[in-house]
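Only one structure is covered here, and it is reproduced in the block below.
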Amino acid sequence: MLEKGEYIVRKWGWMGMVLALALVLGGCGSKADISVFMMSTTTVPSELTEALKTELSQKLEGKFTVDVFASPMYNLQKLFVEYAAGDNGVHVVPEEDVKSMSKQGGHIPLDAYFDKDKYEEGYFDGLVLEKAEKGYIEHQEKHLYALPAEKLPLLNKLGIKEKGLFVAIPVRTPDEERSVQILKLMEEAK
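Position one of the sequence shown corresponds to residue 0 (numbering that gives the first Met the number 0), numbered consecutively onward.
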């Protein structure tokens, strides 16, 4: 037979576990299939990130989900963390950072997907890693690594017109194909 104290502990112990489980499961929201990270030298208003998310979601018509978020201020260490984490499919960042990260092998060449003559500002030297028998071989090569944001109609429509912003696909993107689709949607005039 249980004493009164043991009964209370057992009763509330089970209730506590159920409550903790409910909190854990309730906190598990669904993560978007692909995300767009924005960081500029000025502040990116949350209205712009929400508008971009809405536009991209409408254009995707349920094929996959997208999330858009921005850093509230420019911070180089935060940018390094975003590149290292590999959670984002697309980065919208200042030109200097795009060029710097490309020289370190941070971006996927876009030549196969976009016209380098149309986006010549994004055509520059960068590091390309070629898979070898043991590890990788590094090459410095000129490629289209980024698209200038000011030449992308969807971004212009939403008021993202800051000169010197570039859109690139980080080499650690979770899904290259979906990342390219996002860039192609930004390129559409409709």
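The C-beta atom is built at its ideal place from N, Cα and C for all residues, glycine as well.
Coil, strand or helix - residue i by DSSP
i	result
Gly-125	strand
Ile-181	helix
Glu-132	coil
Lys-141	strand
Per DSSP, cross-strand counterpart(s) of residue i
i	result
Val-34	The sequence given here places Ser at residue 34; Val does not occur at that position. According to DSSP, Ser-34 bridges with Asp-66.
Phe-165	Val-92, Pro-147
Exposure label - residue i; buried when at least 16 CB within 10 Å
i	result
Asn-74	exposed
Ile-136	exposed
Arg-177	buried
Val-80	exposed
His-138	exposed
Ser-193	Outside the shown range of the chain, which is 0 to 189, sits residue 193, and nothing can be said about it.
Pro-71	exposed
Gln-191	Residue 191 is absent from the structure shown; the chain starts at 0 and stops at 189.
Checklist entry - Any contact of the segment 146-161 with the segment 112-119, i.e. 3+ C-beta pairs under 8 Å? => result Yes, since at least three Cβ pairs between the segment 146-161 and the segment 112-119 fall closer than 8 Å, the two stretches touch.
Checklist entry - Given 8 Å as the limit, is there contact between the segment 81-90 and the segment 27-45, that is, 3 or more CB pairs closer than that? => result Counting Cβ pairs under 8 Å, three or more are found: they touch.
Checklist entry - Are the segment 48-56 and the segment 102-115 touching, with three or more C-beta to C-beta distances below 8 Å? => result With a cut-off of 8 Å on Cβ pairs, the segment 48-56 is not in contact with the segment 102-115, counting fewer than three such pairs.
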